[in-house]
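Each remark here refers to the structure printed beneath this line.
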Amino acid sequence: MNYYVIKKNQKDYDIEKYSDSEWKNVKDKLNQNNIVHITNDLSDLKIQHYELKEIIWGRVFNKCSCNYRKIYVPLSTDIEQMEKEFQVISKKLEEELDLEYEQICKRKQERYQKSKERNAEFSRPLIEQFNKLIPVDSDKETALKLWKQHDFLMPPPDVISKYKIETDMSWTQFAHFVRNNY
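Take 29 as the starting number for the sequence shown in my numbering and just add one per residue.
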């Protein structure tokens, strides 16, 4: 059984369909002052009184903005027809939202790659300078002691990066490990 709820919004009135389970979850959350009428019958005279042309038949989750987008279908007494229209509209909307989400993810990845390249560009000369302080061919213990003596140079020299990768620790954990053990 469906519930058809007429609600007052800022400008005029909307009607929305809720299933039994949806209605049980939503009825306490809705502002009761905005609910004008609740019915189980689409041919109810109150619906005709408000001259409603569209009904909110369902919602689709929008991953981009993390909310639900309402789907309006033309209001009629033919429930099967409205359900078919909802399916068509929701499928089209889901495809559009998925495409938009993929584009946003792609743009974020591109920005991340650009910033990573930019940082590498600026970091490499510093790393070369630090490589002179802590030579690449030094043994592990000497290199780590020198790194500690030089107050944990960042960006780290290549030899330190190599030893850090072997430990599978974060930079903070690795620095604490070197501080305590060398």
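A virtual CB, placed ideally from N, CA and C, is assigned to each residue, including glycine.
On the CB-based measure, 16 or more other CB atoms within 10 Å of its CB, does Glu-79 come out buried or exposed?
For this step, residue 79 is matched to residue 51 along the sequence shown. Glu-79 should be labelled exposed.
Roughly how many angstroms separate the alpha carbons of Asn-208 and Ile-132, rounded to a whole number?
Stepping through the sequence shown from its first residue, residue 208 is reached at position 180. Stepping through the sequence shown from its first residue, residue 132 is reached at position 104. For Asn-208 and Ile-132, the distance between alpha carbons rounds to 44 Å.
Exposed or buried, what is Val-206 when buried is set at 16 or more other beta-carbons lying within 10 Å of its beta-carbon?
Translated into the one-based positions of the sequence shown, residue 206 becomes position 178. It counts as buried.
Give the DSSP-derived three-state secondary structure of Thr-200 in the structure shown.
Locating residue 200 in the sequence shown gives position 172, counting from the first residue. Residue state, collapsed to three classes: helix.
Have a look at Ile-43, Arg-139, Ile-162, Leu-121 and flag the residue whose alpha-carbon is nearest the alpha-carbon of Asp-72.
Reading the sequence shown from its first residue, position 44 is the one you call residue 72. The shortest Cα separation from Asp-72 among Ile-43, Arg-139, Ile-162, Leu-121 belongs to Ile-43.
Would you list the residues sitting across from Pro-184 in a DSSP beta bridge?
Indexing the sequence shown from 1 puts residue 184 at position 156. Answer by DSSP bridge pairing: none, since Pro-184 is not bridged.
Do you know how far the Cα of Tyr-32 is from the Cα of Gln-60?
Residue 60 sits at position 32 when you count from the first residue of the sequence shown. Residue 32 sits at position 4 when you count from the first residue of the sequence shown. Their backbone Cα atoms lie some 15 Å apart in a straight line.
Compare the C-alpha of Asp-167 against each of Glu-149, Leu-154, Asp-186 and name the closest.
Taking the first residue of the sequence shown as position 1, residue 167 is located at position 139. Of the candidates Glu-149, Leu-154, Asp-186, the one whose C-alpha sits nearest the C-alpha of Asp-167 is Asp-186.
Glu-108 to Val-64, Cα distance in whole Å?
Counted from its first residue, the sequence shown places residue 108 at position 80. Counted from its first residue, the sequence shown places residue 64 at position 36. Glu-108 and Val-64: Cα-Cα distance of roughly 26 Å.
Using a 10 Å radius around the Cβ and a threshold of 16 neighbouring Cβ atoms, would you call Phe-193 buried or exposed?
Counting from one through the sequence shown, the residue named residue 193 turns up at place 165. The sequence as given places Ile at residue 193; Phe does not occur at that position. Exposed: under 16 other Cβ atoms inside 10 Å.
If I'm right that Glu-82 touches Tyr-100 with Cβ under 8 Å, what's the distance once you round it to whole angstroms?
As a first step, residue 82 is located in the sequence shown; it is residue number 54 there, counting from the start. As a first step, residue 100 is located in the sequence shown; it is residue number 72 there, counting from the start. Yes, Glu-82 and Tyr-100 are in contact; Cβ-Cβ is about 4 Å, under 8 Å.
Pick helix, strand or coil for Asn-59, following the three-state DSSP scheme.
For the purposes of this step, residue 59 is identified with residue 31 of the sequence shown, where counting begins at 1. Three-state result, Asn-59: coil.
Output the distance between the C-alpha atoms of Ser-49 and Gln-137, rounded to the nearest integer angstrom.
Here residue 49 refers to the residue found at position 21 when the sequence shown is read from its first residue. Here residue 137 refers to the residue found at position 109 when the sequence shown is read from its first residue. The straight-line gap from Cα to Cα measures roughly 40 Å.
When you compare only the Cα positions, how much space is there between Arg-97 and Ser-198?
Mapped onto the sequence shown, residue 97 falls at position 69. Mapped onto the sequence shown, residue 198 falls at position 170. Distance between the alpha carbons of Arg-97 and Ser-198 is about 41 Å.
State the Cα-Cα distance for the pair Glu-130 and Lys-52, rounded to the nearest angstrom.
If you number the sequence shown from 1, residue 130 lands on position 102. If you number the sequence shown from 1, residue 52 lands on position 24. Between Glu-130 and Lys-52, the C-alpha separation is close to 35 Å.
What are the boundary residues of the alpha helix (DSSP H) that includes Tyr-129?
Working through the sequence shown from its first residue, we reach residue 129 at position 101. Per DSSP, Tyr-129 belongs to the alpha helix (DSSP H) from 107-161.
Can you tell me whether Pro-184 is buried or exposed? The criterion is at least 16 other CB atoms within 10 Å of its CB, across all chains shown.
By one-based count along the sequence shown, residue 184 stands at place 156. Under this definition Pro-184 is a buried residue.
Does the distance from the CB of Leu-88 to the CB of Leu-121 come in under 9 Å?
Sequence index remark: in the sequence shown, residue 88 carries index 60 (1-based). Sequence index remark: in the sequence shown, residue 121 carries index 93 (1-based). Correcting the residue type first, residue 88 is Val in the shown sequence and not Leu. Yes, the pair counts as a contact, with Cβ atoms nearer than the cut-off.
Could you give the residue range of the beta strand (DSSP E) that holds Glu-44?
By one-based count along the sequence shown, residue 44 stands at place 16. Per DSSP, Glu-44 belongs to the beta strand (DSSP E) from 41-47.
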